[in-house]
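Colleague:
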Amino acid sequence: MTEDLSPAERYAAARERAAEQATALAGFREMYEFGLDPFQIEACQALEAGKGVLVAAPTGSGKTIVGEFAVHLALLQGKKCFYTTPIKALSNQKYADLAKRYGADKVGLLTGDNSVNSDAPVVVMTTEVLRNMLYSGSQSLLNLGYVVMDEVHYLSDRFRGAVWEEVIIHLQESVTLVSLSATVSNAEEFGDWLDTVRGDTQVIVSEHRPVPLFQHVLAGRRMYDLFEEGEGRKKTVNPDLTRMARMEASRSYNPRDRRKGKMVREADRERERRQRSRIWTPGRPEVIDRLDSEGLLPAITFIFSRAACEAAVQQCLHAGLRLNDDDARMQVREIVEERTAAIPDEDLHVLGYYEWLEGLERGIAAHHAGMLPTFKEVVEELFVRGLVRAVFATETLALGINMPARSVVLEKLVKWNGEQHADITPGEYTQLTGRAGRRGIDIEGHAVVLWQRAMSPEHLAGLAGTRTYPLRSSFKPSYNMAVNLVEQFGRHRSRELLETSFAQFQADKSVVGISRQVQKNEEGLEGYKASMTCHLGDFDEYARLRRELKDRETELAKQGANQRRAAAAAALEKLKPGDVIHVPTGKYAGLALVLDPGLPAGRVNGHRGFEHQDGPRPLVLTAERQVKRLAAMDFPVPVEALDRMRIPKSFNARSPQSRRDLASALRTKAGHIVPERHRKGRAAAADDQEIARLRAELRAHPCHGCDEREDHARWAERYYRLRRDTVQLERRIEGRTNTIARTFDRIVALLTEMDYLRGDEVTDDGRRLARLYGELDLLASECLREGVWEGLSPAELAACVSALVFEARMADDALAPKLPSGKVKASLGEMVRIWGRLDALEEEFKINQAEGVGQREPDLGFAWAAYMWASDKGLDEVLREIEMPAGDFVRWCKQVIDVLGQIAAAAPREGSTVAKNARKAVDQLLRGVVAYSSVG
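This is the structure we're talking about:
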């Protein structure tokens, strides 16, 4: 109490209060109705003291308050502040928040789609926009005082992460950097790097969630707590769950009905399980109904499939779920009609508007990247207002959008990662469940995982208990980056800059641990050498002879396998359409008809190094009516045509009836033919003189007669294995030092060979490349240089440019994509030819696509859609032709528009039609659903 203080102490306290009131933070705190958390205060004080900050805290903890304080400081000091976000949706959301707080005249927005008040003192933008500003030396960077990098952990993203590092490295030293990150386990390491490249940076880590999160498992009719309090408040896995998992594991289900000897349908087996047990995975309507009855809505259910999200909504509607009363339903209809007023009725019908609206009126919706952006925005708005109470979403919703819920439901702990089904990581689990618990609304948040067969409660507890994940750099130099750096800093200084990247910082740090392992290995080698000593002679020499013999036998076996593969490939090259063959092995073994002999060896989807896919890949129709593209691995032995058949001109591989008729004709024509069995020849090792010599030397060696020979041999094997491991570790040390700079050197060498660079000088072609950002920057530049797109109409140009951005979600090489005829087809063919030349050059200069550097093969799968849309075709016709969700169609159109804008800026001004037609193509694409979707 102040009465207990001495006059001097009261005076000191009064001065301290006065000093605090005089700070910018005091005025900032008054703008908020709630008090700031300790980590927010600490970060804001560090900012006001002139330091940069890295704030790592859980989702929903209020990290953005620190970013908003940087905006506040910039306005007080008469400086600019750029607020960067990873996605356009988040930029739009942040722009709306800041404009509301500080006034629309003081806040601007810059994304690929929108430019609003870009000269304002505070500008919200995507990170790529700031990177492009830095390379172009934009005047907007003058008087820049602060840059906020929201969701800075995106620098781990293997496709876009490099942009964050480029910005951090290239920003002026005078700019104060505010980095906001999810909770990562190596925040101190990242902070050390920021300290190195940006100067004094304070790291503030908070593990505290403002709304506590409770973890549950829903099995059958019962909701189990995942954890229970043990001794000393230590959390342990609920023993009921462990017992239930053991009980499930002990049950054995026979997949065959022994009474009838037929396969039992999955639904019948599930019904049988339910009868024999009270443990089952509840259905989606059942889950929502249960959450509603327990007061745990609004909820987001994460399902790792777009189609399953849409199916979940339909299941809830068919089950008669209604989460909104009449009042709420009227409000929903009013908001939806207002937000979609600009969309013509015929487009609404195509987009499934009425089914979507029915779900919204009942308080149920899906949210995924395949939806029209306008629809997604409406779902987000209604959810925040409490008018949609159950959302079924893919994991993309967890990436930054402000949509907190009371509960989060995870259907499964496995998702498709683009290559295989894999367990979700602790980081992904944290990101997804971080949505649960709304600050200022909920007292607690709830994460509910649905019970699945073979679920391990211990594994789930590990995911839930590991709150952090490491930040790993994905930084790689690119062609565009190289020319921009050389133009600004010259080659030597550019190389030094790249060596300051977080990627190199982490690589150098990891070398320390590897060096320690090398030292341990060398101590182990000395012990192994002593143990393999033989009193009869030099066992090292004897072990070398054994190894040489083994290596020679392995080499001959490989040669034999290669010869068999070559013979099989040569046989495949002789196949013609109409040949009837017998596929000797694999999933599609048996009778087949060749529809297309396949492409020559070497490339698959633009990537090198998939050995089992080299060689011809015939497209066949099997006797079981399947059309499949086979690989060389399906033909371990040479294949010969058993017979020939005529393939009708009317045959359509997509038509089930067509496939059925031709397969029937195939079985009738050749079903009786029995293929000849392939006989193996004599092994090459039996007649090899080198093997005979080595065996003779082994028998003559003194150590061959040692009683402990095999004992010594085991120690020798361990010695050589450890020696091999040690050499590999030494190579890793050598490979990790200066890796980024070495990659940069190879890129510069290739660009010099192609006359984009001459020493420290950037040529005119190089300056064109500097304006082209994107994965296929060099291919786009070469197309401009060689005039590939000259004389194309705007719609034809849009079709060609689409190949630079589009990537199919799933590789489907069985059927070639539909392409516009005439000039477009010729130009696309020329683009693929140029890519082939670049691919060969990259191989020559050791630029490896597998490491994330280089040019992938252009994908022609969106060319027809881009051409039709730019040719003023209706939405219904376009979507029907390409079989693609509206959201994907809009997103790809916007990416094509973005690259067309770059091409318009980079194309020659005189003697070329490309720049003019690129601008026209932008206008022709930017219509209808593409134009009125504000979020890309």
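Reading the sequence shown from the start, the letters are residues 223 to 1158 in this note's numbering. Where a beta carbon is used, it is the ideal one built from N, C-alpha and C, also for glycine. All values derive from a computational prediction rather than experimental measurement.
Return the residue from the list Glu290, Ser360 and His926 that minimises the CA-CA distance to Tyr764.
Modeller: On the sequence shown, residue 764 is found 542 positions in, with the first residue counted as 1. Here the closest residue by C-alpha is His926.
Colleague: Arg512 to Met347, Cα distance in whole Å?
Modeller: Position 290 of the sequence shown, counting from 1, holds the residue named residue 512. Position 125 of the sequence shown, counting from 1, holds the residue named residue 347. Answer to the nearest angstrom: the Cα atoms are 41 Å apart.
Colleague: So which of Ala845, Val613 and Gly517 has the shortest CA-CA distance to Val601?
Modeller: As a position in the sequence shown, residue 601 is number 379, starting the count at 1. Cα-wise, what sits closest to Val601 is Val613.
Colleague: How should Phe261 be labelled, buried or exposed, when 16 other C-beta atoms within 10 angstroms of its C-beta is the threshold for buried?
Modeller: Stepping through the sequence shown from its first residue, residue 261 is reached at position 39. When all chains shown are included, Phe261 counts as buried.
Colleague: Does Glu983 come out as helix, strand or coil in the three-state DSSP assignment?
Modeller: Residue mapping note: residue 983 aligns to position 761 of the sequence shown, counting from 1. In this structure, Glu983 counts as strand in the three-state DSSP scheme.
Colleague: Quick check: what's the CA-CA separation for Gln728 versus Asp801?
Modeller: Translated into positions along the sequence shown, residue 728 becomes position 506. Translated into positions along the sequence shown, residue 801 becomes position 579. Cα to Cα, the separation comes out at about 56 Å.
Colleague: Between the Cα of Leu916 and the Cα atoms of Leu888, Leu767 and Lys1045, which residue gives the shortest distance?
Modeller: Within the sequence shown, the letter at position 694 stands for residue 916. When each option's Cα is compared against that of Leu916, the closest is Leu767.
Colleague: To which residues of the same chain is Leu297 closer than 8 Å at the C-beta, ignoring the five residues directly before and after it?
Modeller: Here residue 297 refers to the residue found at position 75 when the sequence shown is read from its first residue. Counting only Cβ-Cβ distances below 8 Å, and skipping sequence neighbours, we find Cys303, Tyr324, Lys328, Pro343 and Val344.
Colleague: In whole angstroms, what is the alpha-carbon distance linking Leu570 and Glu580?
Modeller: Mapped onto the sequence shown, residue 570 falls at position 348. Mapped onto the sequence shown, residue 580 falls at position 358. The straight-line gap from Cα to Cα measures roughly 13 Å.
Colleague: Could you check which residue in Gln739, Trp1114, Leu888 and His894 has the C-alpha nearest to that of Asp1081?
Modeller: Taking the first residue of the sequence shown as position 1, residue 1081 is located at position 859. Nearest option by C-alpha distance: Trp1114.
Colleague: Thinking just about the alpha-carbon of each residue, which of Leu604, Cys756, Pro679 and Leu707 is nearest to the one in Met466?
Modeller: Start at 1 with the first residue of the sequence shown, and residue 466 comes out as number 244. Cα-wise, what sits closest to Met466 is Pro679.
Colleague: Take every Cβ of the stretch 979 to 992, pair it with every Cβ of the stretch 1096 to 1111, and state whether three or more of those distances are shorter than 8 Å.
Modeller: Segments in contact, no.
Colleague: I need the straight-line Cα distance from Glu666 to Ile1125, nearest angstrom please.
Modeller: Counting from one through the sequence shown, the residue named residue 666 turns up at place 444. Counting from one through the sequence shown, the residue named residue 1125 turns up at place 903. One C-alpha to the other measures close to 51 Å.
Colleague: Asp422: which of Thr398, Ala441 and Leu440 sits nearest, CA to CA?
Modeller: Counted from its first residue, the sequence shown places residue 422 at position 200. That would be Thr398, whose Cα lies nearest to the Cα of Asp422.
Colleague: Taking Leu402 as the reference, give the member of Leu435, Tyr357 and Thr286 with the closest Cα.
Modeller: Translated into the one-based positions of the sequence shown, residue 402 becomes position 180. With distances taken between Cα atoms, Leu402 lies closest to Thr286.
Colleague: How far does the beta strand (DSSP E) with Val344 in it reach, from first residue to last?
Modeller: Looking up residue 344 in the sequence shown gives position 122. Counting along the chain, the beta strand (DSSP E) containing Val344 begins and ends at Val344 to Thr348.
Colleague: Does the stretch 1003 to 1012 come close enough to the stretch 1124 to 1138 to have 3 or more Cβ pairs within less than 8 Å?
Modeller: The stretch 1003 to 1012, when compared against the stretch 1124 to 1138, does touch it at the 8 Å Cβ threshold.
Colleague: Curious, which full-length alpha helix (DSSP H) runs of at least 4 residues does the stretch 711 to 768 contain?
Modeller: Whole alpha helix (DSSP H) segments, 4+ residues: 724 to 753.
Colleague: Is Thr458 buried or exposed, if buried means 16 or more other CB atoms sit within 10 Å of its CB?
Modeller: Against the sequence shown, residue 458 aligns to sequence position 236. The residue in question, Thr458, is exposed, as its Cβ has fewer than 16 Cβ neighbours within 10 Å.
Colleague: Taking the alpha-carbon positions, what's the Ala1090 to Asp1145 distance?
Modeller: Locating residue 1090 in the sequence shown gives position 868, where the first residue counts as 1. Locating residue 1145 in the sequence shown gives position 923, where the first residue counts as 1. According to the sequence shown, residue 1090 is Met rather than Ala. If you take the alpha carbons of Met1090 and Asp1145, they lie about 14 Å apart.
Colleague: Under the three-state reduction of DSSP, which class applies to Arg657: helix, strand or coil?
Modeller: For this step, residue 657 is matched to residue 435 along the sequence shown. It is coil, neither helix nor strand.
Colleague: Could you round the C-beta distance between Pro520 and Ser283 to whole angstroms and report it? I think they count as a contact, below 8 Å.
Modeller: Taking the first residue of the sequence shown as 1, we reach residue 520 at position 298. Taking the first residue of the sequence shown as 1, we reach residue 283 at position 61. No, Pro520 and Ser283 are not in contact; Cβ-Cβ is about 20 Å, not under 8 Å.
Colleague: Return the chain-ordered ranges of every alpha helix (DSSP H) run that is complete within the stretch 918 to 1000 and spans a minimum of 4 residues.
Modeller: Runs found: 931 to 958, 961 to 975 and 986 to 991.
Colleague: I need the straight-line Cα distance from Ala918 to Leu771, nearest angstrom please.
Modeller: Counting from one through the sequence shown, the residue named residue 918 turns up at place 696. Counting from one through the sequence shown, the residue named residue 771 turns up at place 549. When rounded, the distance between both Cα atoms is 11 Å.
Colleague: Report yes if the C-beta distance between Val293 and Cys266 is below 8 Å; otherwise report no.
Modeller: As a position in the sequence shown, residue 293 is number 71, starting the count at 1. As a position in the sequence shown, residue 266 is number 44, starting the count at 1. Not closer than 8 Å, so no.
Colleague: Terminal residues of the continuous beta strand (DSSP E) containing Lys302?
Modeller: Within the sequence shown, the letter at position 80 stands for residue 302. Run containing Lys302: Lys302 to Thr307, per the beta strand (DSSP E) assignment.
Colleague: In this structure, what does DSSP give as the bridge partners for Ile586?
Modeller: By one-based count along the sequence shown, residue 586 stands at place 364. Ile586 pairs with Ala612.
Colleague: At what residues does the alpha helix (DSSP H) containing Met552 begin and finish?
Modeller: Here the question's residue 552 lines up with position 330 in the sequence shown. That run of the alpha helix (DSSP H) goes Asp548 to Arg561.
Colleague: Using the beta-carbon count (16 or more within 10 Å), is Leu364 buried or exposed?
Modeller: Residue 364 sits at position 142 when you count from the first residue of the sequence shown. By the neighbour-count rule (16 or more Cβ atoms within 10 Å), Leu364 is not buried but exposed.
Colleague: Short of 7 Å in beta carbon distance, which residues of its chain neighbour Thr245, apart from the five on each side in sequence? Order them along the chain.
Modeller: If you number the sequence shown from 1, residue 245 lands on position 23. Once the five neighbours on either side are set aside, the close Cβ partners of Thr245 are Glu270.
Colleague: Can you tell me whether Met754 is buried or exposed? The criterion is at least 16 other CB atoms within 10 Å of its CB, across all chains shown.
Modeller: Counting from one through the sequence shown, the residue named residue 754 turns up at place 532. Burial call: buried.
Colleague: Using 10 angstroms around the beta-carbon of Lys1142, count the other beta-carbons present and answer buried if the total reaches 16, otherwise exposed.
Modeller: Counting from 1 along the sequence shown, the entry for residue 1142 is found at position 920. Buried, because 16 or more other Cβ atoms sit within 10 Å of the Cβ of Lys1142.
Colleague: Helix, strand or coil: how does DSSP classify Leu632 here?
Modeller: Here residue 632 corresponds to residue number 410 of the sequence shown, with the count starting at 1. Leu632 falls in the strand class under three-state DSSP.
Colleague: Determine the direct distance from the alpha carbon of Asn354 to that of Leu247, and round the result to whole angstroms.
Modeller: Taking the first residue of the sequence shown as 1, we reach residue 247 at position 25. Taking the first residue of the sequence shown as 1, we reach residue 354 at position 132. Between Leu247 and Asn354, the C-alpha separation is close to 33 Å.
Colleague: Would you mind reading off the limits of the beta strand (DSSP E) that contains Leu258?
Modeller: Translated into positions along the sequence shown, residue 258 becomes position 36. Element bounds for Leu258: n/a, residue is neither H nor E.
Colleague: Measuring alpha carbon to alpha carbon, tell me which of Leu545, Phe1084, Leu582 and Pro897 ends up nearest Ile557.
Modeller: What you label residue 557 is simply residue 335 of the sequence shown in a count that begins at 1. Among Leu545, Phe1084, Leu582 and Pro897, the Cα nearest to that of Ile557 is on Leu582.
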